[in-house]
Amino acid sequence: MTFKLLVKIAVSLGLIGSLFYQVDFSRLVSAALSPSLPLLALVVGIVILQFCVGACRWFLLIRGTGVPLSPWQTFRILLAGMFFNQALPGSLSADTVRIWLVSRHGLPLSRAASTVLLDRTAGLVSILTLLVVTSVTVAKVAPDPNLSTVAILVVGGALVLLAMGLSSADWIADMIEDHRFGRPFAAMLRDSRMLWRAGYQSAVVIGLSYLLHIISALGLWVVFRSISVEVDFLMVLGALPLVILGTLLPISVGGWGVREGLMVGIFVMTGMPAEHALAASILWGISVIVAASLGGLLWVLSRPRKERIGNVIPTAGE
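Right, dumping it as structure tokens:
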């Protein structure tokens, strides 16, 4: 176990422990242990639907960059990434597994990494734009009304910088491609045109990114309903991008602790008891683990020899 992983575990345990200390533990346990099981099963199905939509988005990016993977191969590899991300948090990220497994199909690591980087960038673009909605939604219940203006300015600035970076990708690629170590990065930069120069394909990719967030918000909303908590769907949709962005920070194990803290902080402002927000966050995280485990089982049962687990773990740790 590495020092980095130990720090992440400590952060997750510290954040969750702090939240447990601040809430009524008996009310938390009561809410977390009395959900509607059919609704939780529906949440698992919704998460699996997210995996399907995510695979569609990644496949479009893969096809646009000329990588010869089929839709089924793309879906299986995405499931493997999600499984390892949940089963071995801190050791193998979903992106690491996806890059490695794509390379096992004959692609250079740089090309494999390019497709995953594009997939991440598409998700980031949608998160940043949805954060404008978040700032307006959360500002309605936030104690300081100026938070909305500040958030919109910050997110707007980030979007401008991202747009400038994408629009100048070819120019930057021309500058670095003659250098030995710059060549792989130049290819990645040129592939980024898929996000804004591929016509309807670019629109579909970004559209699928928004659909992913809507599906994710639906899953969280159903989690709230499973513990009999009334919450407006638009509030969930508005708050979720901030929660997702927080969990992307590499400071905790699988986002645990960070997700719970943000969920409690945001939804308590709406008048929701902290125990309900924390219980919903925990149940949501467990639902993702169950869905990822089912996806991992499907990958294990259908993987070809080149995608054996033994071929992934040693290399990923090098």
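In the working numbering, the protein residues as written are 137 to 454.
Note that the Cβ used here is the ideal one computed from N, Cα and C, for glycine as well.
Below 8 Å on the Cβ atoms is my contact criterion, and I expect residue i with residue j to pass it. Report the Cβ-Cβ distance as a whole number of Å.
i, j, result
"ALA375", "VAL159", "Their Cβ separation, rounded to whole angstroms, is 19 Å, which puts ALA375 and VAL159 out of contact at 8 Å."
"SER362", "LEU419", "7 Å"
"SER239", "GLY393", "No, SER239 and GLY393 are not in contact; Cβ-Cβ is about 32 Å, not under 8 Å."
"SER388", "LEU151", "7 Å"
"LEU398", "LEU378", "6 Å"
"VAL180", "VAL358", "That belief does not hold up - the Cβ atoms of VAL180 and VAL358 are roughly 10 Å apart, past 8 Å."
"ARG212", "ARG439", "7 Å"
Around the Cβ of residue i, are there at least 16 other Cβ atoms within 10 angstroms (buried) or fewer (exposed)?
i, result
"LEU437", "exposed"
"TRP208", "exposed"
"GLU366", "exposed"
"GLY391", "buried"
"GLY153", "exposed"
"PHE360", "buried"
"LEU142", "exposed"
"ALA146", "exposed"
"ARG247", "buried"
"VAL183", "buried"
"LEU245", "exposed"
"VAL296", "exposed"
"SER417", "buried"
"LEU267", "buried"
"THR265", "buried"
"PRO450", "With a pLDDT of 43 at PRO450, under the threshold of 50, the modelled position of that residue is not reliable, and no figure is offered here."
"THR257", "buried"
Which same chain residues, not among the five before or five after residue i, have their C-beta less than 7 Å away from its C-beta?
i, result
"GLY259", "SER345"
"THR210", "ALA191, TRP194, PHE195, ILE198"
"SER262", "ILE342, SER345, TYR346, HIS349"
"ASP255", "ARG193, TRP194, LEU197"
"SER229", "ASN221"
"ILE380", "ILE263"
"VAL340", "LEU196"
"LEU175", "VAL358, ARG361, SER362"
"VAL426", "VAL180"
"LEU185", "ILE351"
"LEU214", "PHE187, GLY190, ALA191, TRP194, ARG234"
According to DSSP, simplified to helix, strand and coil, what is residue i?
i, result
"MET408", "coil"
"HIS241", "coil"
"SER364", "coil"
"VAL389", "coil"
"LEU373", "helix"
"GLY202", "coil"
"ARG439", "coil"
"PRO171", "coil"
"VAL424", "helix"
"SER384", "For the record, residue 384 in the displayed sequence is Leu; it is not Ser. Coil, per DSSP."
"SER229", "coil"
"THR451", "Low confidence applies to THR451: its pLDDT is 44, below 50, so where it sits in the model is not reliable, and the reading given next is rough at best. Note: THR451 maps to helix in three-state DSSP."
"VAL159", "coil"
"THR473", "Outside the displayed range of the chain (137 to 454) lies residue 473, so it cannot be described from this structure."
"SER148", "helix"
What does a CB cutoff of less than 6 Å around residue i pick up in its chain, not counting 5 residues either side in sequence?
i, result
"ALA249", "ILE235"
"VAL457", "Limits of the chain in this structure are 137 at one end and 454 at the other, which puts residue 457 out of reach."
"SER172", "SER362"
"ALA167", "ILE363, GLU411, HIS412, ALA415"
"THR462", "Given a span of 137 to 454 for the chain in the structure shown, any question on residue 462 remains unanswerable."
"ILE432", "For the record, residue 432 in the displayed sequence is Gly; it is not Ile. Contacts found: PHE219."
"LEU205", "ILE198"
"LEU373", "ALA353"
"LEU356", "VAL372, TRP420"
"PHE403", "ALA413"
"ASP231", "VAL252"
Would the C-beta of residue i count as close to the ligand ADP, meaning under 7 Å from any of its heavy atoms?
i, result
"ALA413", "This structure does not include the ligand ADP; it has no bound ligands of any sort."
Spatial neighbours of residue i within its chain, please: C-beta separation below 8 Å, excluding the five flanking residues on both sides.
i, result
"SER429", "PHE219, GLN222, ALA223"
"VAL455", "The chain is shown only over 137 to 454; residue 455 falls outside these bounds and no answer can be derived."
"LEU164", "PHE156, GLU411, LEU414, ALA415"
"CYS188", "PHE211"
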